[in-house]
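All remarks here apply to the structure that follows.
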Amino acid sequence: MSIKSMNTVSDTFTPGTVTPGTVTSGTSTSGASVMPRRLAPLVALPACMTIGVLLAFAVVVAWFPKGSAAWQYPLHQIDAPAHYYFIRRILDEGIGAATHLWPNDAYYPPLFHLLAAGLIAIARLVGVEMTIYTAFNVVWIAGAGLVWPAGMQLLSSYWTCRGLRDARAPSRLFPCAMALIVPLLSVASASHPFQMLASGPLVAYGLAFSLLPFWLYATLRLFDAIVARSAIIRWSAITVLTGGITVFAHPRMTFTWLLFIGPFLLMRLPWRFILAALAACVLGAGAFLAYMVTHYKSSRYFNPGDWFHTFVPNRTVPDALRVFVTDNIDGPAGIVMAVAVVAAVVVMIIAVVTEKTRKDAISVLLVVVLFGLLYVCSTALTGWFPNIVAAAWYRAETRPLTMIPLAIVVLLVFAASALHETTIPSPHSPRSRRTISAIMVAILAALAVGAQFGGVTSGPDGSITGWGNANRARLAHDIYANMTLTDAQPDEQLTDTKYGILADVARTVEPGAAVISDPLNGSMYGKTVFDVNMLYPIYNPMAEKNGAIFGAVERAFDSGDKTTLLDTVCPIERDKPEYFLVMGGQAPSLQMFTFRQQYDPFHREDLIAKYTADGTLVKVRDYSDRADYAKGWALYRFGCTR
């Protein structure tokens, strides 16, 4: 915000405007004495904004799982090995690998992984060896604890800082207070950013969502510029820049941006802009459909009732609505949040009848309704309609769950701002209005703090372990459990025994030699942890492009024919041997993978025995003695002739 605009704010809210150098009510006010007070927002507001983000950052850092395991071992989750693999691939092949991170050389949004690889590269320049896990954690903490609350703070300032440009504003303290409160509100919900680390983790999507508020703010300012016919080029450039970075982080964030910005576009811009935007959406939808049809073959594209036929609702409609209105905050704080949301909606409805805030009030209410509809469809409903509504977000609650804090915090912020600078006719004096505003800010501050500590956390036995945000505490516990090596669940992705076996494999095989195994038994962590050249470095390598080798190996192994198998496997690494690892069945936590059956041939004991008998497989290491459940586990070398 410019100095010029800030200097238009009056020192106090009075019916008249005090001009420097004039006498009002018998009091002389010089320009020299007024200017320091008018410059106060230039110092106070940035200070409040900085402190607010730092408080949110402290919450995120305090939440992040403690202990050495969080920094020494990978996260044992669905997509985690893929993200570690992407970072390692950039380190091995250079920045150029960012355009084809998948094992089949397909594109995956690379911004998160480029940042992590960049951290490692910078650390090496100063003589420090940073692990992939450390770089991964640091980038996530920075995005969750700095980028996200700062973005929400900036987006909220679009409404909270209007008073700095309006001499009629009741108080200049309001923007500073909200700059402290909004960052804490943005990290109160377990939905984002914390759920993004626990679910998958979906770190690329999570980083993009953390960047989204910057893009939304720039777009709203662009709309203002278009209406005012001023600074259009500047705000167009800023919008393109912030949008480009967000889309680079994850292209599907475009859909969320459209869902949020659509109501504002319809309510604010002239019809020619609305029609142009609709035309652009139609063209974009056509291009997206063409991309999907050409890249993913299916006979169900024009039968939406059959889309996502394996989807099973995980919530009821009332439960989904409860999660939405409480901002996914558990306990007493969640109840208070629900009451605050209802009160905010009432304020918004009242604001609709006022000329000054009508368009924005309608827009924000529509955003809340659309986000709520999307979340309910993604988690509680089935059929053609919810399939269409939730398709762009992968037809599961994980990504729409992320969007709840954005909708709820914006709702609360706008309602607070509307109440603060209300123009609704009332008998209240300016002093009374300032009192109401102060009470409202105090309530929001209490809510922001209470949401961090306003619940009961319990241990595995149900005993109370302390006060805190129960949903967030549960996520932290689950994440740390998935960063710890134990044999408590011997069939899970990465156990203490499996870690030791993969370490032995890394010591045994030649550098660069290919190792084939079912990735869903945890063998894919051989690449993540020890940089072993696993044929399946992630659980879903896909089959497009050069990924056809994956399907060819599976079919050749299942054929039972020695010649077919060796002719398929031996050319994978022409100057190095190939190996086959038996390390148990598929982990229960990976059973949601739709195409898990494709790896079944690697578990056929009759085929392994046959290939061992005819020399196709030669046992190199026997791991049966590693645990009582490791019967048959072994490392084999294919009998290729070099």
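Convert by adding 1 to the 1-based position in the sequence shown; the result is the number in the working numbering.
Beta carbons are placed, not taken as given, at the ideal position from N, Cα and C, and that holds for glycine.
Item: Any contact between the stretch 140 to 154 and the stretch 230 to 249? By contact I mean 3 or more CB pairs, one from each, below 8 Å.; Value: no
Item: Below 8 Å on the Cβ atoms is my contact criterion, and I expect Val204 with Ile142 to pass it. Report the Cβ-Cβ distance as a whole number of Å.; Value: Actually they do not touch by this definition, with Cβ atoms about 11 Å apart.
Item: How far does the beta strand (DSSP E) with Tyr580 in it extend, from its first residue to its last?; Value: 579 to 583
Item: Please determine, among Val506, Val353, Asp607, the residue with the shortest C-alpha to C-alpha distance to Leu636.; Value: Val506
Item: Roughly how many angstroms separate the alpha carbons of Leu266 and Trp216, rounded to a whole number?; Value: 14 Å
Item: Contact between the stretch 283 to 292 and the stretch 369 to 381 is defined here as three or more beta-carbon pairs at a separation below 8 Å; is this criterion met?; Value: no
Item: Return helix, strand or coil for Asp623, following the three-state DSSP convention.; Value: strand
Item: Would the beta-carbon of Tyr86 fall within 7 Å of that of Lys528?; Value: yes
Item: I need the straight-line Cα distance from Gly332 to Arg125, nearest angstrom please.; Value: 46 Å
Item: Return the CA-CA distance between Tyr74 and Tyr526, expressed in angstroms with no decimal places.; Value: 10 Å
Item: Taking the CB atoms as reference points, tell me whether Asp106 and Lys632 lie closer together than 7 Å.; Value: no
Item: In whole angstroms, give me the CA-to-CA distance for Ala446 and Leu495.; Value: 43 Å
Item: Alpha carbon to alpha carbon, how far is Met254 from Leu407?; Value: 13 Å
Item: For Val353, which residues of its own chain have a beta-carbon under 8 Å away from its beta-carbon, when the five flanking residues on both sides are left out?; Value: Arg359, Ala362, Ile363, Leu366
Item: Tell me the rounded alpha-carbon separation between Ile444 and Ser157.; Value: 17 Å
Item: If you draw a straight line from the alpha carbon of Ser300 to that of Ala392, how long is it in whole angstroms?; Value: 16 Å
Item: Mapping the DSSP letters down to three states, classify Met535 as helix, strand or coil.; Value: strand
Item: Can you tell me which of the three DSSP states Phe596 falls into?; Value: coil
Item: What residue range is occupied by the uninterrupted alpha helix (DSSP H) comprising Ala199?; Value: 195 to 199
Item: Leu636 bridges to which residues according to DSSP?; Value: Leu582, Arg622
Item: Decide if Val127 is buried, meaning its Cβ has at least 16 other Cβ atoms within 10 Å, or exposed.; Value: exposed
Item: What is the rounded straight-line gap between the Cα of Gly373 and the Cα of Ala280?; Value: 26 Å
Item: Out of curiosity, what's the CA-to-CA distance linking Ile573 and Ala553?; Value: 11 Å
Item: So Phe639 and Thr617 are supposed to be a Cβ contact under 8 Å. How far apart are they, rounded?; Value: 7 Å
Item: Beta-carbon within less than 6 Å of Pro461's beta-carbon, same chain only, minus the 5 sequence neighbours each way: which residues are those?; Value: For Pro461, the pLDDT reaches just 46, beneath the cut-off of 50, and the residue's location in the model is therefore unreliable, although a value from the coordinates is still provided. None.
Item: Quick check on the burial criterion: 16 or more other C-beta atoms within 10 angstroms. Buried or exposed for Asp576?; Value: exposed
Item: Does DSSP classify Ala1 as helix, strand or coil?; Value: Residue 1 is absent from the model: the chain starts at 2 and stops at 643.
Item: Grouping DSSP H, G and I as helix and E and B as strand, with all else coil, what is Val516?; Value: strand
Item: In whole angstroms, what separates the C-alpha of Cys485 from that of Phe325?; Value: Note that residue 485 is Thr in the sequence shown here, rather than Cys. Cα to Cα, the separation comes out at about 32 Å.
Item: Do Gly53 and Pro202 have their C-beta atoms closer together than 7 Å?; Value: no
Item: At the level of alpha carbons, what is the spacing between Asp626 and Ala504?; Value: 16 Å
Item: Have a look at Ser231, Tyr218, Leu259, Phe256 and flag the residue whose alpha-carbon is nearest the alpha-carbon of Ile239.; Value: Tyr218
Item: With DSSP as the reference, label Met293 as helix, strand or coil.; Value: helix
Item: When you compare the CB positions of Phe303 and Arg396, do they come within less than 7 Å of one another, or not?; Value: no
Item: Could you compute how far the alpha carbon of Tyr624 sits from the alpha carbon of Thr509?; Value: 13 Å
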